[in-house]
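Novice: Residue 1 is where the sequence shown starts when you use full-length UniProt numbering, and the numbers rise one by one after that. Can you read through this structure? Questions will come right after.
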Amino acid sequence: MNKKWWKEAVIYQIYPRSFKDTNGDGVGDLRGIIEKLDYIKSLGVDVIWLNPIYASPNDDNGYDISDYKAIMDEFGTMDDFDEMLREMHKRNIRLVMDLVVNHSSDEHRWFQESRSSRDNPYRDYYHWWPAEKGKPAPRFSFFDVNSDAWMYDSTTNAYYLHYFSRKQPDLKWENPKVRQEVYDIMRFWLAKGIDGFRMDAFQYVSKDTTFKPLPEGYEKDIIKYYGMGPNLHEYLQEMNREVISQYDIMTVAEGAGSTFEDAISLVDPERKELDMVYHFEGMDIGNGLGGYSLKEFKEVYSRWDNALADKGWLSIFLANHDVPRMVSKFGNDGDVFRQASSKMLNTFILSMRGTPYCYYGDELGMTNIDFDDISDYKDISAINSYQAAKEAGKDMDEFMKKLNFLSRDNARTPMQWDTTSYAGFTNGTPWLAVNPNFKAINVEVENNDPASCLNYFRKMVQLRKEYPVFVYGDYELLFPDHEQVYAYTRELDDEKVLVLLNFSEKPVKVTLPANVKLKEVMIDNMDDDEVEGSDVNLKPYQAIIYLLL
Ligand code: GLC
Ligand code: CA
């Protein structure tokens, strides 16, 4: 067992635009984060992952960067950044930054140069296809209105590639100069003392640059055809040699390739690439409107745990800025069960093997917002996919229903601090609507309620910190076929715990195997466990962890 600080950490993800506004422009800022550091410390978390705060025209809320060494005007200044980092470190909180280098903004100086002429020294920083060769073979764009990842640019009569929006041209990693630019950016922030990087869209940096036609339906296995290109591992090893290995930092890749072999090879310590991956398979469950199967959920998490049990390390999360709110997707966000199911899901995240991530507001049980009109949405992916669906003559009622549930804006609504206007997020008009349920769900109210989601979250974090079994212990699934209950043990040396999670709104009785002997309750989201012999009766969404004999 290889101990590391980043395995023992609990990570708190902040979407800076929505966390706390201090100057009344309706947009969260770095001073807002500084103001709330004591709150973050009070959660017991150790690391903050910040979504991008670099200079950006905000086509994709900061994931389109026009200057990697400057702070976005709306978020503040470099002095604010330096102060924020100092204040974090003072409190023993580490900072992980988003590294968005599969693409830059089209407003980045590199791209401005690159598009200006075919013989510009920056030409080869991006993927260009000269129009005299005909139209390039189709590539699908995640965010573009017409789904075409090749954008024609008349200045040089050529197409450039953009897997994301047309304002996010893909950088050409095959060019060693591009890679050196990236290392230089990394060193710039590391010299300031940051503690790691979350590698955005990293699977895509290495491409098959012949851009040959892809088989029909390739969009369904996008990682295989777009990502994990022939040189990815070589690039990562180079980055590790030149930068990562020189510092005590953590690196986490967004995505895990398309197979277990991919995932393991990204984080096998002997290969010296990255520290942890996060897989999307868990997140992809429940992306339909009809709920999800707990059996499938358990199978996915158990399979991933197994695959990385000996080598490498996983991230455990149920939400981020790209998906619905955790409780709305995997729990039950109605009045009756919202609190219980939020606590239950946080018990899951914080008792699994792998580094747990809490997306801001999930410690409070924040929910999806329930927008019904397209004009409420701000996300480029929502707006462009709406346009595309309309043009394709799709059933728009169905489309709006899906968007209402799955839109990324659900998770981007302002943090709910108190009961004052706009939940205490801003004195101005927030850039995205505040969830109307903020009077009940907010930090102030939950701070004062010992039974709140917030206080439960704190307790659960403490428990994880106190017992290394939650970090390093072996995982074993019980009752794989049970439709309501997720039960597993974790075991390290002579410490063994049993986690029982009722994922349903019905009470349920579980009969424990003869070799499982309960010693005492470590945590219980209802503070009321009912045991009769080897039977445990679980209430709807009850979560209990027992220390075993
Ligand atoms: C990642 C980010 C997402 C962003 C995309 C393009 O998936 O999480 O928010 O839009 O990359 O950078
Ligand atoms: Ca502001």
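Each residue gets a CB set at the ideal place from its N, CA and C atoms; glycine is no exception.
Which residues share a DSSP beta bridge with residue 550?
Specialist: There is no way to answer for residue 550, as the model of the chain reaches only from 1 to 549.
Novice: Following a CB-centred definition, is F164 positioned closer than 7 Å to any heavy atom of ligand 1?
Specialist: yes
Novice: First and last residue of the alpha helix (DSSP H) that includes M239?
Specialist: L232 to E242
Novice: By Cβ distance, which residues of its chain are closer than 8 Å to D79, with the 5 residues on each side in sequence left out?
Specialist: none
Novice: Please tell me whether N320 and Y359 are closer than 8 Å, where the distance is taken between their beta carbons.
Specialist: yes
Novice: In terms of residue numbering, what span does the alpha helix (DSSP H) encompassing D397 cover?
Specialist: M396 to L406
Novice: Could you name the residues of the same chain whose beta carbon sits closer than 8 Å to that of Q484, not counting the 5 residues immediately before and after it, in chain order?
Specialist: L294, N502, F503, S504, K506 and V508
Novice: State the Cα-Cα distance for the pair V445 and K329, rounded to the nearest angstrom.
Specialist: 24 Å
Novice: Does any heavy atom of ligand 2 sit closer than 7 Å to the C-beta of D29?
Specialist: yes
Novice: Using only CA atoms, which one of F211, S114 and F111 lies nearest to P136?
Specialist: F211
Novice: Taking 8 Å as the threshold (beta carbon to beta carbon), is Y360 in contact with chain B?
Specialist: The chain labelled as chain B is not found in the depicted structure, where only one protein chain is given.
Novice: When the Cα atoms are used, what is the spatial distance from F479 to D335?
Specialist: 30 Å
Novice: Helix, strand or coil, according to DSSP, for H89 in the structure here?
Specialist: helix
Novice: Identify, in the order they occur along the chain, each residue of the same chain with its Cβ nearer than 6 Å to the Cβ of P213, setting aside the five sequence neighbours on each side.
Specialist: For P213, same chain residues with a beta-carbon under 6 Å away, outside a window of 5 residues either side, are A137 in chain order.
Novice: Taking only three categories from DSSP, how would you classify Y122?
Specialist: coil
Novice: Is A514 near ligand 3 - that is, is its Cβ less than 7 Å away from at least one heavy atom of it?
Specialist: As for ligand 3, it is missing from this structure, which binds only ligand 1 and ligand 2.
Novice: Measuring straight from C-alpha to C-alpha, what distance separates R166 and A158?
Specialist: Their backbone Cα atoms lie some 14 Å apart in a straight line.
Novice: Buried or exposed: where does G361 fall if 16 or more other Cβ atoms within 10 Å of its Cβ makes it buried?
Specialist: buried
Novice: Any idea if M396 is buried or exposed, counting beta-carbon neighbours within 10 angstroms, 16 or more meaning buried?
Specialist: exposed
Novice: Using 8 Å as the threshold, is the segment 436 to 445 in touch with the segment 403 to 422, meaning 3 or more CB pairs across them?
Specialist: yes
Novice: Keeping to the same chain, check which residues put their C-beta closer than 6 Å to that of E281; ignore five residues upstream and five downstream.
Specialist: V300
Novice: CB of T156 to nearest heavy atom of ligand 2: below 7 Å?
Specialist: no
Novice: For the beta strand (DSSP E) that I14 lies in, which residues bound it at each end?
Specialist: It spans I11 to I14 - the beta strand (DSSP E) in which I14 sits, taken as one unbroken run.
Novice: For P16 and L161, what's the separation of their Cα atoms in angstroms?
Specialist: Each residue's CA atom was taken as its position, placing P16 and L161 some 29 Å apart.
Novice: Going by DSSP, which residues form a beta bridge with Y159?
Specialist: W129 and Y152
Novice: Rounded to the nearest angstrom, what separates G26 and I185 at their Cα positions?
Specialist: 29 Å
Novice: Quick one: give me the first and last residue of the alpha helix (DSSP H) that A388 is part of.
Specialist: I380 to E391
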